[in-house]
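In the numbering used here, the protein residues as written are 2 to 352.
Even for Gly, the Cβ is constructed at its ideal location relative to N, Cα and C.
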Ligand code: NAD
Ligand code: DAU
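Below, the structure is given as structure tokens:
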């Protein structure tokens with residue numbers, strides 16, 4: 002079986018659902034169930050004999066050791082993290098704890114397990130560390146895209162903590178020879194994303210008649226990737242990636258935030274007519290240290306592993322808008338008291 006961390010979050014839950022749908026082997030999902038988790042998302046697989054859930058903190062060394070001993074996984078896919086840049090600006094230490102200490106603790110537990118395997122199983126063991134393009138910092142308008150040789154230049158506490166975790170993952174390959182691979186992906190979007198991130202926040206606010214808060218001039222560029230394409234890239238790296246390697250994953254869909262928000266407004270006008278959603282757009286105080294542009298050259302994973310995105314931004318964003326329109330209960334359940342407090346904390350003070 003494989004051990005997945007953070008499987009109740011956005012990408013992890015999509016990964017588990019896709020993995021089981023595609024006939025994958027058993028999965029144990031290890032998740033602490035922080036504010037970002039929603040176990041409801043995995044209700045459809047909760048009775049699948051191939052699925053097990055364990056509530057645990059990746060920073061808890063004893064718990065991690067016990068889980069490796071209990072499940073004897075042949076691979077780990079590590080998603081668990083604090084993942085929101087704005088939250089890292091308000092509270093960086095949670096990010097250092099989970100992303101750096103948690104990844105180190107998990108790597109140590111994985112190493113002890115890996116060392117206990119016989120030679121054949123040890124050679125086949127894999128640890129995929131799921132990371133982000135944000136570790137490379139920011140690009141100017143005409144700079145070439147990030148690639149595997151780009152320098153690490155993280156600019157936010159989130160990206161700095163993810164960079165720390167990437168360095169640890171790399172070190173476990175170089176020092177111990179543990180078969181670790183790192184993926185650095187661009188911005189994901191799609192069903193089941195917590196509405197603190199740009200795309201789901203804009204959709205749920207638009208539906209609720211609330212303001213659509215664009216940071217600064219809205220000309221910051223992100224490269225958008227539909228979540229199931231990210232999941233297929235990770236599955237491919239797990240299957241055929243070379244230990245010790247980094248793989249950049251992107252959507253070939255660079256777009257300024259302003260255009261993303263206008264696209265969402267047009268799709269809502271098409272599928273939920275009667276409102277001019279663009280009237281809800283408001284420009285608010287920018288994010289401190291805001292990276293201007295991310296762009297990904299994914300030619301390595303395309304060349305070596307035959308992966309490329311299958312969804313265009315146009316098709317993916319329409320599917321996403323429709324998913325949120327059809328899942329009002331899911332939205333209501335994630336908008337807890339904690340969520341309301343976060344919205345007040347992050348947006349209340351912005352002019
Ligand atoms: P998310 O915030 O939606 O989910 C994170 C999950 O990790 C949650 O279920 C949470 O409960 C769990 N978790 C947090 N701390 C934990 C701990 N100490 N122990 C166990 N579980 C814990 O995140 P996401 O957007 O799904 O991102 C998943 C991974 O992919 C992260 O590592 C993130 O850095 C990376 N990534 C995200 C994106 C993106 O656009 N969302 C892009 C590239 C890479
Ligand atoms: O690039 C990959 C990264 O993408 C992941 O590693 C992170 O986990 C993920 O959160 C995401 O980071 P971003 O900071 O790019 O995503 P976010 O959705 O928070 O913001 C996207 C852009 O939209 C960014 O330029 C900030 C802007 N924005 C965001 C919010 C929440 C707004 O203008 N208004 C908002 O309310």
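Between the CA atoms of residue 219 and residue 75 - distance to the nearest angstrom: Within the chain shown, the letter at position 74 stands for residue 75. Within the chain shown, the letter at position 218 stands for residue 219. Using only the alpha carbons, I get a separation of about 44 Å.
Buried or exposed, going by whether 16 or more other CB atoms sit within 10 Å of the CB of residue 290? Indexing the chain shown from 1 puts residue 290 at position 289. Result: exposed.
Is the Cβ-Cβ distance between residue 11 and residue 191 less than 9 Å? Along the chain shown, one-based indexing puts residue 11 at 10. Along the chain shown, one-based indexing puts residue 191 at 190. The answer is yes: Cβ separation under 9 Å.
Confirm the yes/no value for this check: CB of residue 214, any heavy atom of ligand 2, distance under 8 Å. In the chain shown, the residue the question calls residue 214 occupies position 213. Indeed, a heavy atom of ligand 2 lies less than 8 Å from the Cβ.
Cβ atoms of residue 224 and residue 297: under 9 Å apart, would you say? Taking the first residue of the chain shown as position 1, residue 297 is located at position 296. Taking the first residue of the chain shown as position 1, residue 224 is located at position 223. A contact, by the Cβ cut-off of 9 Å.
Sorry if obvious, but does the Cβ on residue 170 come closer than 8 Å to a heavy atom of ligand 1? Here residue 170 refers to the residue found at position 169 of the chain shown. Checking every heavy atom of ligand 1 against the Cβ of residue 170, none is found closer than 8 Å.
Counting along the chain, where does the alpha helix (DSSP H) carrying residue 283 start and finish? By 1-based counting over the chain shown, the position of residue 283 is 282. Element bounds for residue 283: not the alpha helix (DSSP H) but the beta strand (DSSP E), 282 to 285.
Give me, in chain order, the residues of the same chain whose beta-carbon lies closer than 7 Å to that of residue 177; leave out the 5 immediate sequence neighbours on both sides. Residue numbering aside, residue 177 sits at position 176 when the chain shown is read from its first letter. Around residue 177: 112.
Can the beta-carbon of residue 136 be found less than 9 Å from the beta-carbon of residue 189? By one-based count along the chain shown, residue 136 stands at place 135. By one-based count along the chain shown, residue 189 stands at place 188. Contact flag unset, no.
First and last residue of the beta strand (DSSP E) that includes residue 55? The residue labelled residue 55 in the question sits at position 54 within the chain shown. Where residue 55 is concerned, the enclosing beta strand (DSSP E) stretches over 52 to 56.
Under 8 Å: do the stretch 234 to 253 and the stretch 145 to 152 share three or more Cβ pairs, one atom per stretch? yes
Whose C-beta lies closer than 6 Å to the C-beta of residue 93 among residues of the same chain, with five residues either side of it excluded? Within the chain shown, residue 93 is the residue found at index 92, counting from 1. Contacts found: 158.
Go ahead and label residue 312 buried or exposed: buried means 16 or more other beta carbons lie within 10 angstroms of its beta carbon, across all protein chains shown. In the chain shown, residue 312 corresponds to position 311, counting from 1. Buried, since its Cβ has 16 or more Cβ neighbours within 10 Å.
Which partner residues of residue 247 appear in the DSSP bridge assignment? On the chain shown, position 246 is the one that residue 247 refers to. DSSP lists 183 as partners of residue 247.
Can you give me the C-alpha to C-alpha distance between residue 226 and residue 256, rounded to a whole angstrom? As a first step, residue 226 is located in the chain shown; it is residue number 225 there, counting from the start. As a first step, residue 256 is located in the chain shown; it is residue number 255 there, counting from the start. Spanning the two alpha carbons is a distance of roughly 11 Å.
Take residue 34 and list the residues in its own chain whose beta-carbon comes closer than 7 Å to its own, dropping the five residues that flank it on each side. Indexing the chain shown from 1 puts residue 34 at position 33. Closer than 7 Å at Cβ, skipping near neighbours: 9, 40 and 56.
Nearest-angstrom beta carbon gap, residue 182 and residue 127 [assumed within contact, 8 Å]: Position 126 of the chain shown holds residue 127. Position 181 of the chain shown holds residue 182. Indeed, because the Cβ distance is near 7 Å, the residues count as touching under 8 Å.
Report whether the distance from the Cβ of residue 258 to the nearest heavy atom of ligand 1 is below 8 Å. By one-based count along the chain shown, residue 258 stands at place 257. Checking every heavy atom of ligand 1 against the Cβ of residue 258, none is found closer than 8 Å.
Straight-line Cα distance separating residue 346 from residue 339: Sequence index remark: in the chain shown, residue 339 carries index 338 (1-based). Sequence index remark: in the chain shown, residue 346 carries index 345 (1-based). Going from the Cα of residue 339 to the Cα of residue 346 covers about 10 Å.
Buried versus exposed call for residue 143 [16 or more other C-beta atoms within 10 Å across all chains shown]: For this step, residue 143 is matched to residue 142 along the chain shown. Under this definition residue 143 is an exposed residue.
Is it buried or exposed for residue 49, if we count other Cβ within 10 angstroms and need 16 for buried? In the chain shown, counting from the first residue as 1, residue 49 sits at position 48. Residue 49 is exposed by the Cβ-count criterion.
Residues near residue 103 in its chain [Cβ-Cβ closer than 7 Å; skip 5 each side]: Mapped onto the chain shown, residue 103 falls at position 102. If we look at residue 103 and ignore the five residues flanking it on each side, its Cβ neighbours are 59, 60 and 81.
Regarding residue 232 and ligand 2, is the C-beta to nearest heavy atom distance less than 8 Å? Start at 1 with the first residue of the chain shown, and residue 232 comes out as number 231. Incorrect: residue 232 has no Cβ contact closer than 8 Å to ligand 2.
Under the DSSP definition of a beta bridge, which residues are partnered with residue 129? Within the chain shown, residue 129 is the residue found at index 128, counting from 1. DSSP lists 78 and 182 as partners of residue 129.
Where does residue 308 fall in DSSP's three states? Position 307 of the chain shown holds residue 308. If DSSP states are grouped into helix, strand and coil, residue 308 belongs with coil.
Please report how far the alpha carbon of residue 124 lies from the alpha carbon of residue 46, in whole angstroms. Taking the chain shown and counting its residues from 1, the one referred to as residue 124 is at position 123. Taking the chain shown and counting its residues from 1, the one referred to as residue 46 is at position 45. For residue 124 and residue 46, the distance between alpha carbons rounds to 31 Å.
Have a look at 19, 31 and 38 and flag the residue whose alpha-carbon is nearest the alpha-carbon of residue 331. Residue numbering aside, residue 331 sits at position 330 when the chain shown is read from its first letter. Of the candidates 19, 31 and 38, the one whose C-alpha sits nearest the C-alpha of residue 331 is 38.
Taking 9 Å as the threshold (C-beta atoms), are residue 294 and residue 208 in contact? Position 207 of the chain shown, counted from the first residue, corresponds to residue 208. Position 293 of the chain shown, counted from the first residue, corresponds to residue 294. No, these two residues do not count as a Cβ contact at 9 Å.
Reduced DSSP secondary structure (H/G/I, E/B, other) of residue 298: The residue labelled residue 298 in the question sits at position 297 within the chain shown. If DSSP states are grouped into helix, strand and coil, residue 298 belongs with coil.
Could you tell me the distance, in whole angstroms, from the CA atom of residue 99 to the CA atom of residue 328? Sequence index remark: in the chain shown, residue 99 carries index 98 (1-based). Sequence index remark: in the chain shown, residue 328 carries index 327 (1-based). About 30 Å.
Report yes or no: do the stretch 300 to 316 and the stretch 161 to 170 share at least 3 C-beta pairs separated by less than 8 Å? no
Residue range of the alpha helix (DSSP H) that residue 321 falls in? For the purposes of this step, residue 321 is identified with residue 320 of the chain shown, where counting begins at 1. Looking at the DSSP string, the run of the alpha helix (DSSP H) that includes residue 321 is 314 to 327.
So, residue 179 versus residue 72, is the Cβ gap smaller than 9 Å? As a working note, residue 179 is residue 178 in the chain shown. As a working note, residue 72 is residue 71 in the chain shown. Against a cut-off of 9 Å, the Cβ pair of residue 72 and residue 179 comes out as no contact.
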